[in-house]
Amino acid sequence: MAMRWREKLILAGVESTYGAGPAAALDASNYIRLTEPSIAFESENITDESVRFGEGAYEDIPFGEHITLTFRVHLFGSGTEGVAPPYSALLRASRMTETVDAGVSVAYTLASDFGSSLAMEFRIGNNLHAINGARGAFTIIFEKGIPMLEFTFKGLWAVPTHTIDSLPAVNNAPWLGFVPTGPGRTSAVTLYGETVRPYSLNLNPGNEAVYDQSLVDETIIYSDRDGSGQIQIEAPTLDTINFFARHSNRQHGPLAITHGATAGNICTISCPRVQVQKPSYTNLDNNNVGYDIDLKLLPDAGNDEISLLFT
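Read in order, the letters of the sequence shown correspond to residues 881 to 1191 in my numbering.
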């Protein structure tokens, strides 16, 4: 029987021991509501070029097999102050540290170590990919519409299996608190302390997850962090703020944006020290003058280039 393209499901849970898989079987409580999933098989190859009598192709021998999994989830709060959003495991496995202030807030800050890892299951039709030891990175995307978190995870390879198990009865209710951008929902957008009128913004903490294989073992590690972003704004007059001068003079400043309107659903994203780069003019859809500005996310006190606070 043919498998249907729309039949996809991802479950994810934090591992207690790296690469060992879930402590208990993943179930409906580990459901991830997402869009645009993509899975890719990655490996290196060695060509067996043994001397032989005759022509023809040589066999490629794969090694270092691992999985890359990408998808997006909506950016929103849990709806209850001091309760983590349903995608908290994804942030923790993207080198973020979670701090819960019960009844008040949940904060995510950059981890100084490798952070948590995930056990994941990706199912498409009757094909089941079990992925352990997954670590990843994310990009925050603000465009007109629903703000998104785009995740890219790398995980350890296991041969996929055929399954006839029924899909878990997932609960979508915790995932429906997202709201679009717009008046009363997105606010307090500041760059270098000045209120700006943004049309798009994306921020990438720059954690680089890589597959690492020695002679005897394998793991997913972070090789570096180099945060960056882009913002498009309506151009303020130069007597208000001169981003060209800020770029030329290497002046740094904070960036912040708040999304959500009701308690428990508010997310404030803060970057204490950004560097604007190469501001360029652009014609906005309303025919006003705009700026496209590249951003570098710089550490201030250290390991603090970006934070997310849910209140």
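All residues carry an ideal CB built from backbone N, CA and C; glycine is no exception.
In the three-state scheme derived from DSSP, where H, G and I count as helix and E and B as strand, Pro1159 is classed as strand. In the three-state scheme derived from DSSP, where H, G and I count as helix and E and B as strand, Phe1018 is classed as strand. Around Asn910, the same chain offers Leu891, Ala892, Gly893 as residues with beta carbons nearer than 7 Å, after the five sequence neighbours per side are excluded. Here Phe1190 really is in contact with Pro965; their C-beta atoms are around 6 Å apart, less than 8 Å. For Phe1124, the enclosing alpha helix (DSSP H) covers residues 1123–1128.
Counting only runs of 4+ residues, the alpha helix (DSSP H) found wholly inside the stretch 933–990 occupies 968–972, in chain order. Only residues of its own chain outside the window of five on either side were considered, and among them Leu949, Ala1014, Gly1016 have a CB closer than 6 Å to the CB of Phe1033, listed in chain order. Leu906: not part of any beta strand (DSSP E); DSSP gives it neither H nor E.
Non-local beta-carbon contacts of Asn1051 in its own chain, meaning distances under 8 Å to residues more than five positions away in sequence, involve Ala908, Tyr911 in chain order. For Thr1070, the uninterrupted beta strand (DSSP E) segment begins and ends at 1066–1071.
Beyond the five residues adjoining it in sequence on each side, His1042 comes within less than 8 Å, by CB distance, of Asn1006, Asn1007, Leu1008 in the same chain, given in chain order.
C-alpha of Asp1097 to C-alpha of Glu961: approximately 42 Å in a straight line. In terms of CA proximity to Gly1182, Asp993 leads the group Ala1115, Ile1113, Asp993, Ala1010.
By the criterion of at least three beta-carbon pairs nearer than 8 Å, the stretch 1113–1130 is not in contact with the stretch 1139–1149. The beta-carbon separation of Gly1035 and Ile1113, rounded to 37 Å, does not stay under the 8 Å limit for a contact. Taking each of Pro1048, Tyr988, Gln1155 in turn and checking the Cα distance to Pro1179, the smallest one comes out for Gln1155. One thing to note: Thr1070 has its Cβ within 8 Å of the Cβ of Ala1136.
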